[in-house]
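Colleague: Right, I'll just put the structure down here and ask away after.
2 protein chains.
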Amino acid sequence: MKATMKDVAKMAGVGVGSVSRVINGEHVKETTRTRVEEAIKVLDYQPDIYARGLKTNRTNTVALILPSVWHPFFAEFALSVESCLAAQNYKMYLCNSNGNAEKEREYIQMVQQNKVDGIIGITYSDIDQYISSNLPFVSIDRYFTEDVIYVTADNAAGGRLAVDELLKRRCRHLAYIGGYQETPNETKNRRKYFEIECNARQVQYDVLDMLEPLTQVNRHINEFLDAHPGIDGIFTINDDMALTVCDVLQQRGQHVPDDVQVIGFDGQRIKEQDDFLVSTIVQPVALMAQRSVDSLLAVIAGQTVDNRTVLPVAFGASWTTQPIQ
Amino acid sequence: MKATMKDVAKMAGVGVGSVSRVINGEHVKETTRTRVEEAIKVLDYQPDIYARGLKTNRTNTVALILPSVWHPFFAEFALSVESCLAAQNYKMYLCNSNGNAEKEREYIQMVQQNKVDGIIGITYSDIDQYISSNLPFVSIDRYFTEDVIYVTADNAAGGRLAVDELLKRRCRHLAYIGGYQETPNETKNRRKYFEIECNARQVQYDVLDMLEPLTQVNRHINEFLDAHPGIDGIFTINDDMALTVCDVLQQRGQHVPDDVQVIGFDGQRIKEQDDFLVSTIVQPVALMAQRSVDSLLAVIAGQTVDNRTVLPVAFGASWTTQPIQ
DNA sequence: GCTTGTTTTGGAAACGTTTCCGATTTGCAA
DNA sequence: TTGCAAATCGGAAACGTTTCCAAAACAAGC
């Protein structure tokens, strides 16, 4: 039989109010505190979160809404966020919407009814009205309005960096290959600033941007490469796509990186013992998670927060076994 | 101002008991039901989960305890489990323990105090006493006792399959390369049945099994390969390790698969458009997730359940860009 | 010892449900 | 129409906290 606050109060010979005060770290007389703490230990008392939530409407719980199951960036981000939250004594509901607007709506409703204290969301569908739901909300990689806090990597710099690196490697004819969602989000800057930088540097480039969900990617890439035979430097929306592109190139008998340079985006799961082999623009996942959590908790605590956090990316290497040189 | 049950009752002109009955799908007179449903819609009433949890001690919430942040298998498993749970109207707390026994304990305590209805755990530390915590528990890849339900892939078959495949490819001198935790778990069968099968087939083999956490893996692998120069077929504990092994081989000037065959384990993130390149033993992640959830919910519902679920693995291919042939 | 002001405390009320029991309504046979 | 059993319902009590207010305890100055 689980001990309740009343039990503790009785055993310690105090009122339930005092027990509550001790638990919540409020000021009580030293002797009361020790008596109560003693009783708590003896009875192995643990506060009932549900009773507390009912009374206070605060739950120390945050919901993380993700669009998709398969992208390693999301998985790593999720686990990072969880760690940050746990460190602050928060729990995390994981909600993956499969990029489905309906499911996102359901989750937001579910999550309201469950009285989470806030939401962190990577949302690719159109839920503007919901995020104005009055719950503290931090958006990842997507700008909504000025009052919606968002955290993102510096995708623009990433795009420029990619061009810079490809030119350093003496590429003459660049390409961007990606997939996109209709919903606006920061990842579009990868392409946008790739283009801007190409124009600024006056280098020839072409773009293949496929609408998600992707189908027949290999065929599209092949056709694209057929149509633009001179391409010798490719920047892709993410590492997954970089891999796919490498595969296609290989099938076509072109060698990476002797014939063509490929740079991805994300920089997942770099392990120290690996030898880095495919180039990528590295997103600081852990840092993004940390900042998202910090911002959210600050808002929850009623503080005001920078509503825009842009974290630096870096040129690096990813986890495939395809050699750079 | 959120509508409460009393509001609904008043508006519908019924007692709160009837509202409760409608919400919980119990039988009420048709006219009452429609009146109540009408009021619920008008007031946009949503039950307060915390009040309900306080009263009933059921929360429709499950905790998933994972050991680690970096392993792609766990990430994919986590997201799969979430999907299965969501389909049954359950929420999921994600808890990642970083393989730290202390954190696992904390989570279990946290999770009890939060009245989850059950736990699914991939636990690599020694928490036997806690899992007997009286909460419904499903263990993944690890056997505790006869009464603890567990779900696992057929690691034994995987080990045999690997040998079989390597022999088919005319390897003469096999090796197993892996990392292990001291805690017992089913993944050890990968090595065990590899060895058994090797013995049965009377083929020469060697084993490199490193204690986790891994350090200087590359050096160890190199030394191992130096010590056993004839190895021409390698089975690894998982795909990560397979990649590492491939890297090392490449550095040593040995070509996969012309000189050496490598087979991993897990089969993560296979994408249809990929051309499969490194061999692996594929675990049915989604199925494991589904079965875990099914078992757990069955136990929660008070049904009896097979306490052992072993799911088939298959020979397949994984996601790297290293060509098989 | 009394007064006054400050800490500290006890415990009732409230949060929004579910559950249970007694009361009311309904349906139907006589 | 009446009577009775079955169906349905209303609403109080309870779940375990927090919060608030009045009361008690204490301290200090006279």
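Going line by line, the protein sequences match chains A and B.
Numbering-wise, the working numbering puts 184 at position 184 of the first sequence, and it's gapless, one number per residue.
Numbering-wise, the working numbering puts 1114 at position 114 of the second sequence, and it's gapless, one number per residue.
By construction, the Cβ of each residue, glycine as well, lies at the ideal position given by its N, Cα and C atoms.
Any Cβ of chain B within less than 8 Å of the Cβ of Leu43 of chain A?
Modeller: Chain B, which has no Cβ nearer than 8 Å to the Cβ of Leu43 of chain A, makes this no.
Colleague: Which residue marks the beginning of the beta strand (DSSP E) containing Met1092 of chain B, and which one marks its end?
Modeller: That run of the beta strand (DSSP E) goes 1091–1096.
Colleague: Under DSSP, the alpha helix (DSSP H) around Arg1021 of chain B begins and ends at which residues?
Modeller: Arg1021 of chain B -> alpha helix (DSSP H) spans 1016–1023.
Colleague: Closer than 7 Å by C-beta to Gly158 of chain A: which residues in its own chain qualify, once you throw out the five before and the five after it? Chain order, please.
Modeller: Closer than 7 Å at the Cβ level, and outside the excluded window around Gly158 of chain A, lie Arg190, Phe265, Ile281, Val313.
Colleague: Where does Asp274 of chain A land, buried or exposed, given buried means 16+ other C-beta within 10 angstroms?
Modeller: Because Asp274 of chain A carries a pLDDT of 36, less than 50, the predicted location of this residue cannot be relied on, and the following value inherits that uncertainty. Flag for Asp274 of chain A reads buried.
Colleague: Check for me: the alpha helix (DSSP H) holding Arg190 of chain A runs from which residue to which?
Modeller: Element bounds for Arg190 of chain A: 188–201.
Colleague: Have a look at the DSSP bridge pairing and note the partners of Thr309 of chain A.
Modeller: In the DSSP output, where bridge partners are listed per residue, Thr309 of chain A has A:Val151.
Colleague: Excluding the 5 residues flanking Glu1272 of chain B on each side, which residues of the same chain have their C-beta closer than 6 Å to its C-beta?
Modeller: With a pLDDT of 33 at Glu1272 of chain B, under the threshold of 50, the predicted position of this residue should be treated as unreliable, though the coordinate-derived value follows. So no residue of the chain qualifies.
Colleague: Just mark Lys29 of chain A as buried or exposed, buried being the case when its beta carbon has 16 or more other beta carbons within 10 Å.
Modeller: The residue is exposed, with fewer than 16 neighbouring Cβ atoms inside 10 Å.
Colleague: Is Val1217 of chain B closer than 8 Å to Tyr1176 of chain B when the C-beta atoms are compared?
Modeller: No, the Cβ-Cβ distance between Tyr1176 of chain B and Val1217 of chain B is not below 8 Å.
Colleague: Can you find a C-beta in chain B that's less than 8 Å from the C-beta of Glu82 of chain A?
Modeller: Glu82 of chain A counts as touching chain B.
Colleague: Spatial neighbours of Ser292 of chain A within its chain, please: CB distance less than 6 Å, with the 5 preceding and 5 following residues excluded, ordered by chain position.
Modeller: Result list for Ser292 of chain A: Ile120, Val138, Val151, in chain order.
Colleague: Output yes or no for whether 8 Å exceeds the beta carbon distance between Ser80 of chain A and Val285 of chain A.
Modeller: Closer than 8 Å, so yes.
Colleague: Which residues of chain B have a Cβ atom closer than 7 Å to the Cβ of Pro284 of chain A, listed in chain order?
Modeller: Under the 7 Å cutoff, chain B gives no residues; its nearest Cβ is about 15 Å from Pro284 of chain A.
Colleague: Classify Gln1181 of chain B as helix, strand or coil using the three-state DSSP reduction.
Modeller: Coil.
Colleague: For the alpha helix (DSSP H) containing Ile108 of chain A, list its first residue and its last residue.
Modeller: From DSSP, the alpha helix (DSSP H) with Ile108 of chain A extends over 101–113.
Colleague: Apart from the five residues just before and just after Met92 of chain A, which ones in its own chain have a Cβ nearer than 6 Å to its Cβ?
Modeller: Excluding positions up to five away in sequence, the list reads Val62, Leu64, Glu82, Leu85.
Colleague: For chain A, check one thing: does any of its Cβ atoms lie closer than 8 Å to the Cβ of Ala1051 of chain B?
Modeller: Closer than 8 Å: yes.
Colleague: For Ser83 of chain A, which three-state DSSP category applies?
Modeller: Residue state, collapsed to three classes: helix.
Colleague: What residue from A:Asn24, A:Cys95, A:Val148, A:Val14 has the CA that sits closest to Val305 of chain A's CA?
Modeller: Residue A:Val148 is the option with its Cα nearest to Val305 of chain A.
Colleague: Does Pro229 of chain A come within less than 8 Å of chain B when only Cβ atoms are used?
Modeller: Closer than 8 Å: no.
Colleague: Would Gly1233 of chain B pass as a contact of Arg1169 of chain B if the rule is Cβ separation under 8 Å?
Modeller: It is a contact, given that the beta carbons lie within the stated cut-off.
Colleague: Relative to the C-alpha of Gly316 of chain A, which residue among A:Ala101, A:Gly25, A:Tyr180, A:Glu165 is closest?
Modeller: The candidate whose alpha carbon is nearest that of Gly316 of chain A is A:Glu165.
Colleague: Compute the distance between the beta-carbons of Thr32 of chain A and Val8 of chain A, then report whether it is under 8 Å.
Modeller: Cβ distance not < 8 Å, so Thr32 of chain A and Val8 of chain A don't count as in contact.
Colleague: Mind checking whether Arg160 of chain A and Glu102 of chain A have CB atoms under 8 Å apart?
Modeller: Cβ atoms of Arg160 of chain A and Glu102 of chain A: not closer than 8 Å.
Colleague: Tell me, please, whether the CB atom of Lys1115 of chain B is closer than 8 Å to any CB atom in chain A?
Modeller: Chain A, which has a Cβ nearer than 8 Å to the Cβ of Lys1115 of chain B, makes this yes.
Colleague: Just to confirm before moving on: does the CB-CB distance between Gln254 of chain A and Val260 of chain A stay below 8 Å?
Modeller: Yes. Within cutoff.
Colleague: Looking at the structure shown, is Gln1254 of chain B part of a helix, part of a strand, or coil, going by DSSP?
Modeller: If DSSP states are grouped into helix, strand and coil, Gln1254 of chain B belongs with coil.
Colleague: If I'm right that Arg1172 of chain B touches Gln1204 of chain B with Cβ under 8 Å, what's the distance once you round it to whole angstroms?
Modeller: Yes, Arg1172 of chain B and Gln1204 of chain B are in contact; Cβ-Cβ is about 7 Å, under 8 Å.
Colleague: Below 7 Å CB to CB, which residues in the same chain sit around Ala1078 of chain B once its five sequence neighbours on both sides are set aside?
Modeller: Cβ neighbours of Ala1078 of chain B beyond the five flanking positions: Leu1064, Leu1066, Leu1094.
Colleague: Quick check on the DSSP output: what are the complete beta strand (DSSP E) runs of length 3 or more inside the segment 1197–1251 of chain B, in order along the chain?
Modeller: You should have 1204–1211, 1233–1236.
Colleague: Helix, strand or coil for Ile49 of chain A? Go by DSSP, reduced to three states.
Modeller: Here Ile49 of chain A sits in helix by DSSP.
Colleague: Can you find a C-beta in chain B that's less than 8 Å from the C-beta of Asp274 of chain A?
Modeller: Here Asp274 of chain A scores only 36 on pLDDT, less than 50, and its place in the model is too uncertain to base an answer on.
Colleague: Let me know if Asn1199 of chain B comes out buried or exposed under the rule of 16 or more other beta-carbons within 10 Å of its beta-carbon.
Modeller: Classification of Asn1199 of chain B: exposed, given that the 10 Å Cβ count is below 16.
Colleague: Helix, strand or coil for Phe137 of chain A, going by three-state DSSP, please let me know.
Modeller: Residue state, collapsed to three classes: strand.
Colleague: Rounded to a whole number of angstroms, what is the C-alpha to C-alpha distance between Lys296 of chain A and Gly302 of chain A?
Modeller: The sequence given here has Leu at residue 296 of chain A, not Lys. Whole-angstrom Cα-Cα distance: 10 Å.
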